[in-house]
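Below is one structure, written out as structure tokens; the observations come after it.
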Amino acid sequence: MLCRGEVIDIRHLPQEMRSSHATPVDTLSSLSLSAMEKVMITEILKRHGGNRKRTAAELEIHPSTLFRKIRSLGITVPDTDGRGKKR
């Protein structure tokens, strides 16, 4: 997520990330950028059943960028790739 200011606010997020199923706004506003990225990637991975390709598409980033972020942020991913195949 990018914005012109120093803080990513809830209004900068896509509408589907502001749904009632998302993390509460007061929790997000107190997180660091990397912690917020971790929460958002984790939530979108869950929404797509662990499918990293669909998650990357929704985030509008290349799948290799998503893989690097997953590794650097320490995100635990399911044993399948969301398509029923083992990693």
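Everything in the sequence shown is counted per the numbering used here, starting at 1 for the first residue and increasing by one. Where is the CB? At the ideal position from N, CA and C, for every residue including glycine.
Check: Residue interval of the alpha helix (DSSP H) (run including R54); Outcome: R52 to L59
Check: For S64, the three-state DSSP class (helix, strand or coil); Outcome: helix
Check: Burial state of T55, where buried means 16 or more other Cβ atoms lie within 10 Å; Outcome: buried
Check: Reduced DSSP secondary structure (H/G/I, E/B, other) of V88; Outcome: Because the chain is modelled from 1 through 87, residue 88 falls outside the range shown and cannot be assessed.
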